[in-house]
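Trainee: For the sequence shown, the residue numbers in my numbering are 547 to 951.
The structure that follows is given in the form of structure tokens.
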Amino acid sequence: MKNSPQKHRIIQLLLLLITLVLFTIAPATRTDSVKVGATHITSGWDLTLPSLAETYKDYFMIGNVMSAHQTLDANLTAMYKHHYNLVTAENDMKPQYLSPAKGFYYFIMADMLINWAAANNIKVHGHTLVWHSQSATWLTTGVDGKPLTRAEARANLQEYITNVAGHFRGKVISWDVVNEAFSDGSGIPNHWKDALRKDSPWYLAYENGADKSKGESGADYIYDAFVFTRLTDPEATLFYNDYNETDAWKREAMAMMAEELNAKWRTDERNTQPDRLLIEVLGMQAHYWTDSLDVHAVEAAIARFIKSGVKVAVTELDIPYGSWTNQHSEPLTKEEALNQARLYAQLFMVYKKYAAHIDRVTFWGKADSQSWRAKGSPLLFDGNFAPKPAYYAVIDPEGFLRANR
Ligand code: XIL
547 MKNSPQKHRI IQLLLLLITL VLFTIAPATR TDSVKVGATH ITSGWDLTLP
597 SLAETYKDYF MIGNVMSAHQ TLDANLTAMY KHHYNLVTAE NDMKPQYLSP
647 AKGFYYFIMA DMLINWAAAN NIKVHGHTLV WHSQSATWLT TGVDGKPLTR
697 AEARANLQEY ITNVAGHFRG KVISWDVVNE AFSDGSGIPN HWKDALRKDS
747 PWYLAYENGA DKSKGESGAD YIYDAFVFTR LTDPEATLFY NDYNETDAWK
797 REAMAMMAEE LNAKWRTDER NTQPDRLLIE VLGMQAHYWT DSLDVHAVEA
847 AIARFIKSGV KVAVTELDIP YGSWTNQHSE PLTKEEALNQ ARLYAQLFMV
897 YKKYAAHIDR VTFWGKADSQ SWRAKGSPLL FDGNFAPKPA YYAVIDPEGF
947 LRANR
């Protein structure tokens, strides 16, 4: 039973049970207020604020992330329905959690989220089928730690996608089919394949047995993943998703990849919808930093993606204060909060300008305290769930910038 899938499942069920008990018998511990020093301040979501989704209903969907256990929180749910019409599972739909071992699929947590979304009229974006991180080792790597062969990895990819995209068919509107396939830092490549993350376990396995004389390489997992997903769930819109998408080399690589694989699909005999693209959306993760965000580069990336014929989505937006190498860890000063808000305002002006091509803007976190980059206070609401200047900047970008030059 050591580290076995059964053990994993039992732990998952126990965690779920504990969460249910905590939320049922001890609602008082789920504090909506916090004690700061001697003062008792009320914190909670203010549902009289203008709704983000309502504000942008004529432009694009507005999404955020959730985890399965959070769906038990009624206050959070009320807030979520107020501001968002789309949800991404922050972690629960990653291969690591859905299928920790070959032949085992645990949909219990993801299904909690899916059922919650359906009950609250919130659409679901699937995240993510193929990624080098938070993946399941069995898909690509042998027990000896060595890459599987190309044929083995391809069979596993097909099995995984058929099971997972099949399970969620009709329940998700879209999928991040492949996430972060490109490497970190590179010049504009001659060919997009040159810029791929060559140490991805998917790349390594697909390279292991590739027939170079036929043009095969480690890169082929990407096309296979999109085709398997299309064949399993033809209703879902298919995304390629990546970060640093504003870097000239990466936006070029992403666009070239979409162009080439979409051209290849056009004449693929498995394609029954010749007018439909295979990679339909390029997802801009939009994990920015206040120090380095260049809104012109965002616009250039959107324009380049549109030129390649696809739609664009903002999939994981946040703007922590500081930079990757110089991370901020203090609460924001008034001036810093305003600087951050101006960037949000400028971004949303660009998003509105290209709204005909942008299908959604999803934030990666609901409040600063709940963010994966919490130290940088990256979001629209603070740790007490109060709206920050960034919230007002998103609600009315033009007005905000006029008033806060
Ligand atoms: C992050 C989650 O927010 C964290 O909770 C988790 O520990 C690691 O993954 N790009 C992605 C997301 O596509 O899945 C990542 O989410 C953030 C970067």
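Cβ atoms here follow ideal geometry from the backbone N, Cα and C, with glycine treated the same way.
Is the Cβ-Cβ distance between Trp910 and Ile865 less than 8 Å?
Mentor: Residue mapping note: residue 910 aligns to position 364 of the sequence shown, counting from 1. Residue mapping note: residue 865 aligns to position 319 of the sequence shown, counting from 1. For Trp910 and Ile865, no; Cβs fall outside 8 Å.
Trainee: Could you check what DSSP says for Asn975 in three-state terms: helix, strand or coil?
Mentor: Because residue 975 is not part of the residues shown, which for the chain are 547 to 951, the question remains open.
Trainee: Thinking Gly764 and Lys744 are a contact (beta carbons under 8 Å), I'd like their distance in whole angstroms, please.
Mentor: Position 218 of the sequence shown, counted from the start, is the residue given in the question as residue 764. Position 198 of the sequence shown, counted from the start, is the residue given in the question as residue 744. Right, their Cβ atoms sit about 7 Å apart.
Trainee: Quick one: is Ala804 buried, meaning 16 or more other Cβ sit within 10 Å of its Cβ, or exposed?
Mentor: Counted from its first residue, the sequence shown places residue 804 at position 258. With 16 or more Cβ atoms within 10 Å of its Cβ, Ala804 is classed as buried.
Trainee: Taking the Cβ atom as the reference point for each residue, do Arg784 and Trp721 lie within a distance shorter than 8 Å?
Mentor: If you number the sequence shown from 1, residue 784 lands on position 238. If you number the sequence shown from 1, residue 721 lands on position 175. Reading off the sequence shown, one finds Leu at residue 784, where the question assumed Arg. Their beta carbons are under 8 Å apart, which means Leu784 touches Trp721 by this criterion.
Trainee: Report the rounded CA-to-CA distance for Pro935 versus Tyr602, giving the unit in angstroms.
Mentor: The count along the sequence shown starts at 1 and reaches residue 935 at position 389. The count along the sequence shown starts at 1 and reaches residue 602 at position 56. Those two C-alpha atoms are separated by around 18 Å.
Trainee: Got a sec? Which residues, its chain only, sit under 6 Å from Val723 by beta carbon, not counting five neighbours each side?
Mentor: Translated into the one-based positions of the sequence shown, residue 723 becomes position 177. Excluding positions up to five away in sequence, the list reads Leu675, Ala771, Phe772, Thr775, Leu784.
Trainee: Do you know offhand how far Asp779's Cα is from Phe653's?
Mentor: On the sequence shown, position 233 is the one that residue 779 refers to. On the sequence shown, position 107 is the one that residue 653 refers to. If you take the alpha carbons of Asp779 and Phe653, they lie about 17 Å apart.
Trainee: Could you work out which residue in Leu823, Thr818, Gln819, Ala799 is closest to Ala809 when comparing CA atoms only?
Mentor: Within the sequence shown, numbered from 1, the residue matching residue 809 stands at position 263. Nearest C-alpha to Ala809: Leu823.
Trainee: Check whether the Cβ of Trp748 sits closer than 7 Å to any heavy atom of the ligand XIL, and report yes or no.
Mentor: Residue 748 sits at position 202 when you count from the first residue of the sequence shown. Checking the Cβ of Trp748 against the ligand XIL gives no.
Trainee: How many Å lie between Glu798 and Gln886 at the Cα?
Mentor: Start at 1 with the first residue of the sequence shown, and residue 798 comes out as number 252. Start at 1 with the first residue of the sequence shown, and residue 886 comes out as number 340. Glu798 and Gln886: Cα-Cα distance of roughly 28 Å.
Trainee: What first and last residue would you give for the beta strand (DSSP E) that runs through Asn631?
Mentor: Residue numbering aside, residue 631 sits at position 85 when the sequence shown is read from its first letter. That residue, Asn631, is in no beta strand (DSSP E); it is neither H nor E in DSSP.
Trainee: So, using beta-carbon positions, are Ser732 and Ala801 closer together than 8 Å?
Mentor: By one-based count along the sequence shown, residue 732 stands at place 186. By one-based count along the sequence shown, residue 801 stands at place 255. The answer is no: Cβ separation not under 8 Å.
Trainee: Where does Asp638 land, buried or exposed, given buried means 16+ other C-beta within 10 angstroms?
Mentor: The residue given as residue 638 occupies position 92 in the sequence shown. That one is buried.
Trainee: Below 7 Å, is the gap between the Cβ of Glu882 and the nearest heavy atom of the ligand XIL?
Mentor: Counting from 1 along the sequence shown, the entry for residue 882 is found at position 336. No, Cβ of Glu882 sits at least 7 Å from all heavy atoms of the ligand XIL.
Trainee: Which runs of the alpha helix (DSSP H), 4 residues or longer, sit entirely within the stretch 826-906?
Mentor: List check, alpha helix (DSSP H) in window: 841-853, 880-899.
Trainee: Contact defined as beta carbons within less than 8 Å: I believe Ala962 pairs with Ile608. What is the distance between those atoms, to the nearest angstrom?
Mentor: Summary: the structure shown does not reach residue 962, with the chain confined to residues 547 through 951, and so no result is reported for it.
Trainee: Which first and last residues belong to the alpha helix (DSSP H) in which Trp662 is found?
Mentor: The residue labelled residue 662 in the question sits at position 116 within the sequence shown. Element bounds for Trp662: 654-665.
Trainee: Is there at least one non-hydrogen atom of the ligand XIL closer than 7 Å to the beta-carbon of Gln819?
Mentor: Within the sequence shown, residue 819 is the residue found at index 273, counting from 1. No.
Trainee: Just to confirm the assignment: which complete beta strand (DSSP E) runs, minimum length 3, are found wholly within the stretch 753-807?
Mentor: Qualifying beta strand (DSSP E) stretches, in chain order: 783-788.
Trainee: Please state the DSSP three-state secondary structure of Asp592.
Mentor: Taking the first residue of the sequence shown as position 1, residue 592 is located at position 46. Coil.
Trainee: What's the C-alpha gap between Lys717 and Val710?
Mentor: Counting from one through the sequence shown, the residue named residue 717 turns up at place 171. Counting from one through the sequence shown, the residue named residue 710 turns up at place 164. Approximately 11 Å, taken between the alpha carbons.
Trainee: Who are the Cβ neighbours of Lys640 in its own chain at under 8 Å, not counting the five residues just before and after it?
Mentor: Here the question's residue 640 lines up with position 94 in the sequence shown. Hits under 8 Å: His673, Thr674, Trp677, Gln680, Ser681.
Trainee: Which residues mark the beginning and the end of the beta strand (DSSP E) in which Val724 is found?
Mentor: Numbered from 1 along the sequence shown, position 178 holds the residue referred to as residue 724. That run of the beta strand (DSSP E) goes 720-725.
Trainee: Quick one: give me the first and last residue of the beta strand (DSSP E) that Thr674 is part of.
Mentor: Indexing the sequence shown from 1 puts residue 674 at position 128. Taken as a continuous stretch (DSSP letters only), the beta strand (DSSP E) holding Thr674 covers 669-676.
Trainee: On a Cα-Cα basis, can you pick out the residue from Asn621, Phe714, His628, Glu876 that is closest to Met655?
Mentor: Here the question's residue 655 lines up with position 109 in the sequence shown. Checked all of Asn621, Phe714, His628, Glu876; the closest Cα to Met655 is Phe714.
Trainee: Please state whether DSSP places Pro935 in a helix, a strand or coil.
Mentor: Position 389 of the sequence shown, counting from 1, holds the residue named residue 935. Here Pro935 sits in helix by DSSP.
Trainee: So, for Met830: in the same chain, excluding its five sequence neighbours on each side, which residues have a beta-carbon less than 6 Å away from its beta-carbon?
Mentor: Counting from one through the sequence shown, the residue named residue 830 turns up at place 284. Excluding sequence neighbours, Met830 sits near Glu791, Val860.
Trainee: Quick one: is the Cβ of Trp918 within less than 7 Å of any heavy atom of the ligand XIL?
Mentor: Along the sequence shown, one-based indexing puts residue 918 at 372. Yes.
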